[in-house]
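**Student:**
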Amino acid sequence: MRLTVVIDDDSPNALCFGGAFPPSGAPCLATVTADGLQLVFPAHPSADPRRVAFDRLAVGAGGFDHDHLVVKWDEEGTPFTLYLKDPDVIRAFRTRASGTLSAELHRTAEEVRRRRMRRRAFLWAGLAMVGGLFLALWLGSDRVAEFAVARIPVSWEESIGEASYRQFIMGHTVVEAGPAVEAIDVIAARLTGALQPSPYRFQISVVNSGVVNAFALPGGRVVVFTGLLRKADSAEEVAGVLAHEVNHVLKRHAMVRVAKRLGLVGVVTMLTGNEQGLAGLIKDLGIELATLKFGREQETEADEEGLRLLHRARVAPEGMVSFFERLAEQDAPQLEILSSHPMSEGRAERLRAEIARLPRMTPEPVPVDWVHVRASLRAP
Amino acid sequence: MKSEILYPGAFPMARVHLASGESLKAESGAMVAASPTIDVESRMEGGLLKALSRKMLAGEHFFFQTLRATRGEGEVLLAPTVPGEIVLFEMDGVNEYLVQKDGFLAGAETITIESKMQSFTRGLLGGEGFFILRVGGNGTVILNSFGAVHRLELKPEEEYVVDNAHLVAWSATTSYKIERAASGWISSLTSGEGFVCRFRGPGLVMIQTRNPRGFGAWIRQFMPVTE
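What follows is the structure, given as structure tokens:
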């Protein structure tokens, strides 16, 4: 007697592969009988209904999520495969099957359970890892960014800085020669001569502009505007500004800012990518390195390291303080250099305290006739 | 619901005829034109949370549109954003397909769509993201691709290796593993293939003849980046 366990309706509930069936499988109605499987193919009238006894079947798990019961058998040398997903049919199949088939079913179910467990464990581990990385970026973004930046080759910084410089000077005139350029060369030589050995080659350009500002780009490019030179009263004051900017380069402040702005993607690019990728990212986000604002801690670091550099170069460090203070008093906030380097009470005090802490040193004057330099600079 | 493809090739469009009262689910933004008898309802398939998960995680648009022939029969014209083939196929109620997130264009009301989370390695390295769509039920499904669609028909146990960026859709009866394209990490990265999917039959794997990421990279080289 045939014992039909599942007949809800006669719409197909399984896919049969093999023989002359199409590669996407022939939909069929599978029912479990007392001694095996019965298959009917409503969509393939030419295919004969068939009954396959349990003892001819082999089972396993398959499909995208291992959520199919895969049943295999052989008909006169032709292999056939049935993909079952309907839970009722699978349950009936498990109930009816006996002997070795039952053991195989048990093994398959165990394997699927193990796979699902492992998948879940992997997923959680992965989520925890990604979450941890985000948390690390969020809580210790400074440290993560610095860690990534420390691994950037200087050559990347140079080419990124160079590209940014080229872009900047397209709209500006570089002063190629004259007393101002000579004076800057003298000041730069004094400062770089006092630097600890570093992989950076500093190139300081004087740009013709009324703007009172100077900025540093990654890799060693520093730009000083003639507007700033006209405001300075001495070579020592300019040396103070340059010592500050040079330390932004040495401490890779621009790249740290970029790493923070770019977030996780930036850090990963810095650790695993290339300079083109990083330059592309910077460009994608529209970060202008020439007008990049540094953080307060970075400014303080550049101030303090700048003072130490002036000290080692035997340049009177007071120039740095007096220049910023005088600008703040005279010209109020429209000066660009003050918007990026606000001359707060705190900053002046900190600078003076830092100078007082430095060992006693007799400054050597910078051999530049500053009155002559200033006179050579016409208003643009 | 009767569907046909107009202008087969790179810039095709699907024309779907709806009888009075019939409706169609379409990717939001897919509709090009429609008869005045057709109403557009934006509906979040599978509820707000599922729609949100599709939006946030699968990168899928928040809403599927439902285009319903409320005031008599009519037709709808649908087109994808990217150039490439459109394929129509009939779901038989038993076969299910997994569709990468940009591949679904439209489907009959009777089909089911759910976001499916992939395993961690597949999500991370597979290139389709962590979520893909699982499409089942009865009725017509319209998929789109970047380039033309090529069907790989895999017999039981037959294997095929596919660059993951070329995947469009595959039968739920297939299984796949992510592997490195070449042996050794260095050659995997330098061979330009990176990671590939090793599919195992039985079932269909639909692949697109162009790689969207590769195309993006190719375009990018002509855009001034560093200077």
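Chains as they are written, first to last, in our numbering: chain A, 1371 to 1750; chain B, 91 to 317.
Using N, Cα and C, we set each Cβ at its ideal position, and we do this for glycine too.
All values reported here derive from a predicted model rather than from experimental measurement.
1) Note down, in chain order, each residue of its chain lying with its Cβ closer than 7 Å to the Cβ of residue 1493 of chain A, except the 5 sequence neighbours on either side.
2) May I ask which residues mark the beginning and end of the beta strand (DSSP E) holding residue 256 of chain B?
3) Return the chain-ordered ranges of every beta strand (DSSP E) run that is complete within the region 1390-1468 of chain A and spans a minimum of 3 residues.
4) Just checking my contact of residue 157 of chain B with residue 189 of chain B at CB under 8 Å: how many whole Å lie between their CB atoms?
5) Exposed or buried, which one is residue 150 of chain B when buried takes at least 16 other CB atoms within 10 Å?
6) Thinking just about the alpha-carbon of each residue, which of B:307, B:161, B:309 and B:194 is nearest to the one in residue 175 of chain B?
7) Quick one: any contact between the region 1603-1615 of chain A and the region 1738-1745 of chain A, if contact means 3 or more CB pairs under 8 Å?
8) Mind pulling the chain A residues with CB within less than 8 Å of residue 259 of chain B?
9) At a CB distance below 8 Å, what residues from the region 233-248 of chain B approach chain A? Give them in sequence order.
10) Around the Cβ of residue 1563 of chain A, are there at least 16 other Cβ atoms within 10 angstroms (buried) or fewer (exposed)?
11) Unbroken alpha helix (DSSP H) runs of length 4 or more, entirely within the region 1466-1526 of chain A: which are they?
12) Tell me which same chain residues have a C-beta within less than 7 Å of the C-beta of residue 187 of chain B, skipping the five on either side of it?
13) What would DSSP say about residue 189 of chain B, mapped onto helix, strand or coil?
14) Count the CB pairs spanning the region 1385-1392 of chain A and the region 1448-1456 of chain A that are closer than 8 Å, and state whether there are at least three.
15) By Cβ distance below 6 Å, which residues in the same chain neighbour residue 1413 of chain A in space, the five residues on each side in sequence not counted?
16) Select from A:1572, A:1566, A:1544 and A:1545 the residue whose C-alpha is nearest the C-alpha of residue 1557 of chain A.
17) So which residues on chain C does residue 1453 of chain A lean against when the C-beta distance must stay under 8 Å?
18) Do we get a CB-CB distance below 8 Å when we pair residue 254 of chain B with the residues of chain A?
19) Beta-carbon of residue 286 of chain B versus every beta-carbon of chain A: anything under 8 Å?
20) Do we get a CB-CB distance below 8 Å when we pair residue 281 of chain B with the residues of chain A?
21) With a Cβ-Cβ cutoff of 8 Å, do residue 1677 of chain A and residue 1721 of chain A count as a contact?
22) Could you tell me if residue 277 of chain B is buried or exposed, where buried requires 16 or more neighbouring beta carbons within 10 angstroms of its beta carbon?
23) Which whole runs of the alpha helix (DSSP H) in the region 1558-1636 of chain A are 4 residues long or more, in chain order?
24) Per DSSP, which one or two residues make a beta bridge with residue 229 of chain B?
25) Check residue 129 of chain B in the structure and name its three-state DSSP category.
26) Taking just the CA atoms, how far does residue 1382 of chain A sit from residue 1375 of chain A?
27) Does the region 284-300 of chain B come into contact with the region 241-256 of chain B, if we say contact requires no fewer than three beta-carbon pairs (one atom in each stretch) closer than 8 Å?
28) Look at the Cβ atom of residue 1432 of chain A, then the Cβ atom of residue 1422 of chain A, and state whether they are nearer than 8 Å.
29) Give the straight-line distance between the Cα atoms of residue 1628 of chain A and residue 254 of chain B, rounded to the nearest whole angstrom.
30) Taking residue 299 of chain B as the reference, give the member of B:314, B:268, B:311 and B:234 with the closest Cα.
31) Does residue 1746 of chain A come out as helix, strand or coil in the three-state DSSP assignment?
32) How is residue 300 of chain B classed by DSSP in three states: helix, strand or coil?
33) Hey, is residue 1406 of chain A close to the ligand ATP, as in C-beta under 7 Å from one of its heavy atoms?
34) Could you check what DSSP says for residue 293 of chain B in three-state terms: helix, strand or coil?
35) Kindly indicate which residue of B:239, B:285, B:257 and B:264 has the alpha-carbon position closest to the one of residue 270 of chain B.
36) Answer yes or no: do residue 164 of chain B and residue 198 of chain B have a C-beta to C-beta separation smaller than 8 Å?
**Tutor:** According to the structure data:
1) The residue labelled residue 1493 of chain A in the question sits at position 123 within the first sequence. None.
2) Taking the first residue of the second sequence as 1, we reach residue 256 of chain B at position 166. Where residue 256 of chain B is concerned, there is no enclosing beta strand (DSSP E), given that its DSSP letter is neither H nor E.
3) 1396-1402, 1406-1410, 1420-1423, 1428-1432, 1438-1445 and 1448-1454
4) As a first step, residue 157 of chain B is located in the second sequence; it is residue number 67 there, counting from the start. As a first step, residue 189 of chain B is located in the second sequence; it is residue number 99 there, counting from the start. In fact, because the Cβ distance is near 19 Å, the residues do not count as touching under 8 Å.
5) Start at 1 with the first residue of the second sequence, and residue 150 of chain B comes out as number 60. Residue confidence is low: residue 150 of chain B scores 49 on pLDDT, short of 50, so the model does not pin down where it sits. Its coordinate-derived value is still stated next. Burial call: buried.
6) Your numbering for residue 175 of chain B matches position 85 in the second sequence. Residue B:194 is the option with its Cα nearest to residue 175 of chain B.
7) yes
8) Along the second sequence, one-based indexing puts residue 259 of chain B at 169. Simply none; closest approach about 11 Å.
9) 243, 244, 245 and 246
10) Residue 1563 of chain A sits at position 193 when you count from the first residue of the first sequence. Answer is exposed; the Cβ neighbour count stays below 16.
11) 1469-1509 and 1511-1520
12) Within the second sequence, residue 187 of chain B is the residue found at index 97, counting from 1. Hits under 7 Å: 225, 259, 260, 261 and 262.
13) Counting from one through the second sequence, the residue named residue 189 of chain B turns up at place 99. If DSSP states are grouped into helix, strand and coil, residue 189 of chain B belongs with the strands.
14) yes
15) Position 43 of the first sequence, counting from 1, holds the residue named residue 1413 of chain A. Taken in chain order, the residues that qualify are 1397.
16) Along the first sequence, one-based indexing puts residue 1557 of chain A at 187. Considering only alpha carbons, the answer is A:1572.
17) The displayed structure is made up of protein chains A and B, and chain C is not among them.
18) Residue numbering aside, residue 254 of chain B sits at position 164 when the second sequence is read from its first letter. So no, residue 254 of chain B is outside the interface.
19) The residue labelled residue 286 of chain B in the question sits at position 196 within the second sequence. Not one chain A Cβ lies under 8 Å of residue 286 of chain B.
20) Start at 1 with the first residue of the second sequence, and residue 281 of chain B comes out as number 191. At residue 281 of chain B, the pLDDT of 43 sits below 50, so the modelled position is not reliable; the number obtained from the coordinates is stated separately. False, the Cβ-Cβ gap to chain A never drops below 8 Å.
21) Numbered from its first residue, the first sequence carries residue 1677 of chain A at position 307. Numbered from its first residue, the first sequence carries residue 1721 of chain A at position 351. It is a contact, given that the beta carbons lie within the stated cut-off.
22) Residue 277 of chain B sits at position 187 when you count from the first residue of the second sequence. Low local confidence applies: a pLDDT of 44 at residue 277 of chain B is under 50, so the model's placement there is unreliable, with the coordinate-based value given in what follows. Exposed, since its Cβ has fewer than 16 Cβ neighbours within 10 Å.
23) 1596-1601 and 1605-1620
24) Position 139 of the second sequence, counting from 1, holds the residue named residue 229 of chain B. Answer is B:181.
25) Residue 129 of chain B sits at position 39 when you count from the first residue of the second sequence. Strand at residue 129 of chain B.
26) Counted from its first residue, the first sequence places residue 1375 of chain A at position 5. Counted from its first residue, the first sequence places residue 1382 of chain A at position 12. Summary for residue 1375 of chain A: the model assigns pLDDT 44, below 50, so the residue's position carries little reliability; its value from the coordinates is reported in the next sentence. Whole-angstrom Cα-Cα distance: 15 Å.
27) yes
28) For the purposes of this step, residue 1432 of chain A is identified with residue 62 of the first sequence, where counting begins at 1. For the purposes of this step, residue 1422 of chain A is identified with residue 52 of the first sequence, where counting begins at 1. Against a cut-off of 8 Å, the Cβ pair of residue 1422 of chain A and residue 1432 of chain A comes out as no contact.
29) Counting from 1 along the first sequence, the entry for residue 1628 of chain A is found at position 258. Counting from 1 along the second sequence, the entry for residue 254 of chain B is found at position 164. Cα to Cα, the separation comes out at about 32 Å.
30) Residue numbering aside, residue 299 of chain B sits at position 209 when the second sequence is read from its first letter. Ranking B:314, B:268, B:311 and B:234 by Cα distance to residue 299 of chain B puts B:234 first.
31) Taking the first sequence and counting its residues from 1, one reaches residue 1746 of chain A at position 376. Three-state DSSP puts residue 1746 of chain A in a helix.
32) Here residue 300 of chain B corresponds to residue number 210 of the second sequence, with the count starting at 1. In the structure shown, residue 300 of chain B sits in coil (DSSP, three-state: anything other than H, G, I, E or B).
33) This structure does not include the ligand ATP; it has no bound ligands of any sort.
34) Here the question's residue 293 of chain B lines up with position 203 in the second sequence. Residue 293 of chain B falls in the strand class under three-state DSSP.
35) Numbered from 1 along the second sequence, position 180 holds the residue referred to as residue 270 of chain B. With distances taken between Cα atoms, residue 270 of chain B lies closest to B:285.
36) On the second sequence, residue 164 of chain B is found 74 positions in, with the first residue counted as 1. On the second sequence, residue 198 of chain B is found 108 positions in, with the first residue counted as 1. Contact flag unset, no.
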